[in-house]
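Visitor: Taking the numbering used here, I'd label the letters of the sequence shown as residues 4 to 116. Even glycine gets a Cβ: it sits at the ideal position worked out from N, Cα and C. In this text, all values refer to a predicted model and were calculated from it rather than measured experimentally.
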Amino acid sequence: MKDKTIFAKIIDREIPASIVYEDDQCLAFKDVHPQAPVHILIVPKKPIDRLSSASGEDQLLLGHLLLTANKIAEQAGLKDFRLVVNSGPGAGQTVLHLHVHILGGREMEWPPG
Ligand code: DGP
Numbered sequence: 004m005k006d007k008t009i010f011a012k013i014i015d016r017e018i019p020a021s022i023v024y025e026d027d028q029c030l031a032f033k034d035v036h037p038q039a040p041v042h043i044l045i046v047p048k049k050p051i052d053r054l055s056s057a058s059g060e061d062q063l064l065l066g067h068l069l070l071t072a073n074k075i076a077e078q079a080g081l082k083d084f085r086l087v088v089n090s091g092p093g094a095g096q097t098v099l100h101l102h103v104h105i106l107g108g109r110e111m112e113w114p115p116g
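Have a look at this one:
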């Protein structure tokens, strides 16, 4: 069996996190290294390692993550916000458990680094 990622341990309450939302499919918590005044991660409870590993059977789950991001951003008081999904180490993914970053509370620049 593969080693549990840090996010799987947060989902299983083996390590603490500042949780802001939970339902049967996903958990959202504050990023420990915030890159903006609001920086929240949404992770599916299903352990998909990266976006490019998701398949057709994950279609509803992926839609759920985006609609949940809307809800969490609204709860956080964000009118405008950015979602980021890094898929793979070359794209900056450091934790190999699919997650969506919600960033907001400051002006965003483009292109991202
Ligand atoms: P990424 O680079 O896309 O894989 O983003 C991983 C994010 O996870 C990064 O912004 C920092 C955050 N992170 C890493 N370890 C922990 C942790 O133990 N707790 C929390 N809350 N966030 C973490």
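Quick one: using the 10 Å Cβ neighbour count with 16 as the cut-off for buried, is Ala-79 buried or exposed?
Guide: Here residue 79 refers to the residue found at position 76 of the sequence shown. Burial call: buried.
Visitor: Measuring CA to CA, which of Ser-21, Leu-81 and Leu-99 is closest to Val-88?
Guide: To locate residue 88, count along the sequence shown from 1; it is residue 85. It is Leu-99.
Visitor: Extract the residue ranges of the beta strand (DSSP E) inside the region 55–115, only unbroken runs of 3 or more that lie entirely within it.
Guide: Taking only runs of at least 3 residues, the beta strand (DSSP E) segments lying wholly in the region 55–115 are 85–87 and 103–107.
Visitor: What is the DSSP secondary structure of Lys-12, reduced to helix, strand or coil?
Guide: As a working mapping, residue 12 is identified with position 9 in the sequence shown. Helix at Lys-12.
Visitor: Output the distance between the C-alpha atoms of Lys-5 and Leu-64, rounded to the nearest integer angstrom.
Guide: In the sequence shown, counting from the first residue as 1, residue 5 sits at position 2. In the sequence shown, counting from the first residue as 1, residue 64 sits at position 61. Their backbone Cα atoms lie some 22 Å apart in a straight line.
Visitor: What does the Cβ neighbour count give for Thr-97, buried or exposed, with the cut at 16 atoms within 10 Å?
Guide: As a first step, residue 97 must be located in the sequence shown, where it is residue number 94. Exposed: under 16 other Cβ atoms inside 10 Å.
Visitor: Considering Cα atoms alone, identify which of Phe-84, Leu-70, Met-111 and Trp-113 is closest to Cys-29.
Guide: Mapped onto the sequence shown, residue 29 falls at position 26. Minimum Cα distance to Cys-29 is reached at Leu-70.
Visitor: Name the DSSP bridge partner or partners of His-42?
Guide: On the sequence shown, position 39 is the one that residue 42 refers to. Its beta-bridge partners are Leu-106.
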